[in-house]
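In what follows, a structure is listed as structure tokens, so that the remarks can point back to it.
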Amino acid sequence: PAARALSHAVAVLLIACPCALGLATPTAIMVGTGQAARRGIYIRNGEALETSSKLTTLVFDKTGTITEGKPVVTDFLAAESEDEAALATFIASAEAPSEHFLGQALAAWARERGAKVRAAKDFNARPGRGVQAFVSGKTIRIGNAALLEEAGIDTGNFAAQAEAWAGEGKTPVFVAIGQRCAAILAVADRPREGAKEAIALLHRLGLTTVMATGDLEATAQYIARQVGIDQVVARATPADKLELVRRLQAEGPNGKRRVGMVGDGINDAPALAAADVGFAIGSGADIALESADITLVGGDITRVAAGIELSRRTMSVIRQNLFWALGYNTVAIPVAAAGRLNPMIASAAMAMSSVSVLSNSLRLQQNK
5 PAARALSHAV AVLLIACPCA LGLATPTAIM VGTGQAARRG IYIRNGEALE
55 TSSKLTTLVF DKTGTITEGK PVVTDFLAAE SEDEAALATF IASAEAPSEH
105 FLGQALAAWA RERGAKVRAA KDFNARPGRG VQAFVSGKTI RIGNAALLEE
155 AGIDTGNFAA QAEAWAGEGK TPVFVAIGQR CAAILAVADR PREGAKEAIA
205 LLHRLGLTTV MATGDLEATA QYIARQVGID QVVARATPAD KLELVRRLQA
255 EGPNGKRRVG MVGDGINDAP ALAAADVGFA IGSGADIALE SADITLVGGD
305 ITRVAAGIEL SRRTMSVIRQ NLFWALGYNT VAIPVAAAGR LNPMIASAAM
355 AMSSVSVLSN SLRLQQNK
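Per the numbering used here: the sequence shown = residues 5 to 372.
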């Protein structure tokens, strides 16, 4: 009869409604990103959430990421002919405009020794190298050995001391006045609280960890051993970090390995942008935050592992939602077409399928 045929047709239409299928992905992503935000992990978009679940390697910056970003000057050695008070004035003046952790530590150290800050002209911050400025008619360069060597300045008189300090986990910083290397300082920065735990959590998730830093090999290895980093790339410029990320990406199956980058400073911005997922420390430079896909508020790097674990759970829930939504349609449509369901039961079943998808997505709110 026409009435029964119409009833069967309505039941089929109700059962075939793709509500559950349409809710499967967006509800899980919404709950997942919301749960991440509650933990201080701000995910820019759903693509970043999905890609995070596939990461196999994480590259970390050192200063301000693995370490606290609160370095202090521990040692100072000047050439015999140099006036230490004048050196302190040059250091305080040249580093005054600097926004880098090391530059601020050097300026603070010099001011503590009564150094007067004079106007610095033509200030030039060299990412991964140091700074250069014109102070009191003299060109002052403060940074690593590479900065001075590029200008043709010999650092050999302090090379042995630099290696010794690097072996203790300190960062050697050279000071040049004009074309002569006048002094060397050692700057130390402790590993960030929770750094060792964060690396251990990432290893449990099956990720490989790499640390890239502009420091000497000995300094980098010292910090890496303290926190358990797998691999170290030392004396790395921003361009080197970018190249490292691209090289690691090309090493994976089919020329594609999923690589994440964790950083906080101007030096890290190119690598953060090139990585499959960039994680920025919330207390870092604005350019790093803008280049990143995920921002970690408060500087707790254990949230890197938490974010990756949550992204994997979210993708698992999405797959479950899709399975049940498709399974529901696959089983129920033939039953409705055979006239075994009336429209009221079909509408209730359709609603329950949507409720089941929502309920499954809400499981992401459970802390694990």
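Each residue gets a CB set at the ideal place from its N, CA and C atoms; glycine is no exception.
- Note on geometry: alpha-carbon atoms of I285 and A40 lie some 15 Å from one another.
- Sequence-distant partners of F94 (beyond 5 residues in either direction) whose C-beta falls short of 6 Å from its own C-beta, in its chain, are V139, I144.
- Given a length threshold of 4 residues, each whole run of the alpha helix (DSSP H) inside the region 209-285 is given here in chain order: 221-231, 242-254, 273-278.
- Counting of Cβ neighbours within 10 angstroms places S56 among the buried residues, the total reaching 16 or more.
- Counting C-beta atoms within 10 angstroms of its own C-beta, K260 has fewer than 16 neighbours from the protein chains shown and is therefore classed as exposed.
- Nearest neighbour of R194 by Cα position, chosen from T69, I298, V35, turns out to be T69.
- Between L246 and A13, the alpha-carbon positions lie close to 59 Å from each other.
- The beta carbon of A82 lies closer than 7 Å to those of E88, L91, A186, A187 in the same chain, with the five residues before and after it left out.
- Assigned with DSSP and collapsed to three states, R145 falls in strand.
- In this structure A216 touches L248 by the C-beta definition: roughly 6 Å separates them, less than 8 Å.
- If you check the CB distance, F283 and L300 come in under 8 Å.
- An exposed status is given to T334, since fewer than 16 other beta-carbon atoms sit within 10 Å of its beta-carbon.
- By DSSP's assignment, T61 forms a beta bridge with T212, V263.
- Taking C-beta separations shorter than 6 Å and ignoring five residues to either side along the sequence, the partners of F80 in its chain run L189, following chain order.
- Per DSSP, the beta bridge partners of N128 are Q136.
- About 6 Å separates the beta carbon of K142 from that of G182, a gap short enough to meet the 8 Å contact definition.
- With fewer than 16 other beta carbons inside 10 angstroms of its own, N49 counts as exposed.
- For A190, the enclosing beta strand (DSSP E) begins and ends at 184-192.
- F162: not part of any beta strand (DSSP E); DSSP gives it neither H nor E.
- Of the other Cβ atoms in all chains shown, 16 or more fall within 10 Å of the Cβ of M265; this residue is therefore buried.
- Cβ contact annotation for M34 (same chain, cutoff 8 Å, sequence separation greater than five): S365, in chain order.
- Counted as a single uninterrupted DSSP element, the stretch harbouring V35 is not any beta strand (DSSP E) but the alpha helix (DSSP H) occupying residues 23-42.
- Taking all protein chains in view, the Cβ of G38 is surrounded by fewer than 16 other Cβ atoms within 10 Å, so the residue is classified as exposed.
- Between the beta-carbon of V237 and that of V263 there is about 13 Å, and that puts the pair past the 8 Å contact cut.
- Closest in alpha carbon position to E313, among A277, A28, E54, is E54.
- At the C-beta level, V76 and V191 come within 8 Å of one another.
- In chain order, T78, D79, A190, V191, A192, T223 place their CB closer than 8 Å to the CB of K174, counting only its own chain and leaving out the 5 sequence neighbours on each side.
- The DSSP assignment places 298-300 as complete runs of the beta strand (DSSP E) inside the region 291-329, in order along the chain (cut-off: 3 residues).
- Here V335 carries a helix assignment [DSSP, helix/strand/coil].
- In terms of Cβ geometry, G218 and N148 form a close pair [threshold 8 Å].
- When only Cα atoms are considered, L330 and A309 end up about 32 Å apart.
- Residue state for P75 is assigned as coil, using DSSP reduced to three classes.
- Taking the Cβ atoms as the reference, T31 lies roughly 6 Å from L362, within the contact range of under 8 Å.
- For T69, there is no enclosing beta strand (DSSP E), since its DSSP letter is neither H nor E.
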